[in-house]
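As structure tokens, the structure follows; a few thoughts come after it.
Now the structure itself:
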């Protein structure tokens, strides 16, 4: 049963799903489950090896956006990677945390 609420969307955070199933399969599953849009959590960007921290981050973000848009699932929200533990360390913050937060803003703009 789908509620009739004008301008309301049923949204799912897909950051764990696309890591397991890939973009296309995740988009198909989410659409089949009746969701209207997706939320892209960027929490895993805290890991230095995450693809959104690498040189091909824009290509990766664009592929994500294009795949979900093709499934008529707009990206309506992102979450910056706020799960860092080194906020109190000014050197670690400047060298590790801050650049990843800035990159998450760039990724959000690309999405």
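In my numbering, the protein residues as written are 561 to 671.
Quick reminder that beta carbons are idealized off the backbone N, C-alpha and C, glycines included.
Residue of 592, 579, 581 and 599 minimising C-alpha distance to residue 571: 599
Buried/exposed call for residue 622, threshold 16 Cβ in 10 Å: exposed
Reference residue 677; option with closest CA among 626, 573, 671 and 663: The requested residue 677 is not part of the displayed model; the chain covers only 561 to 671.
Counterpart residues of residue 620 in DSSP-defined beta bridges: DSSP lists no partner for residue 620.
CA-to-CA distance, residue 651 to residue 635, given in whole angstroms: 34 Å
DSSP beta-bridge partners of residue 572: 598
Residues near residue 632 in its chain [Cβ-Cβ closer than 8 Å; skip 5 each side]: 591
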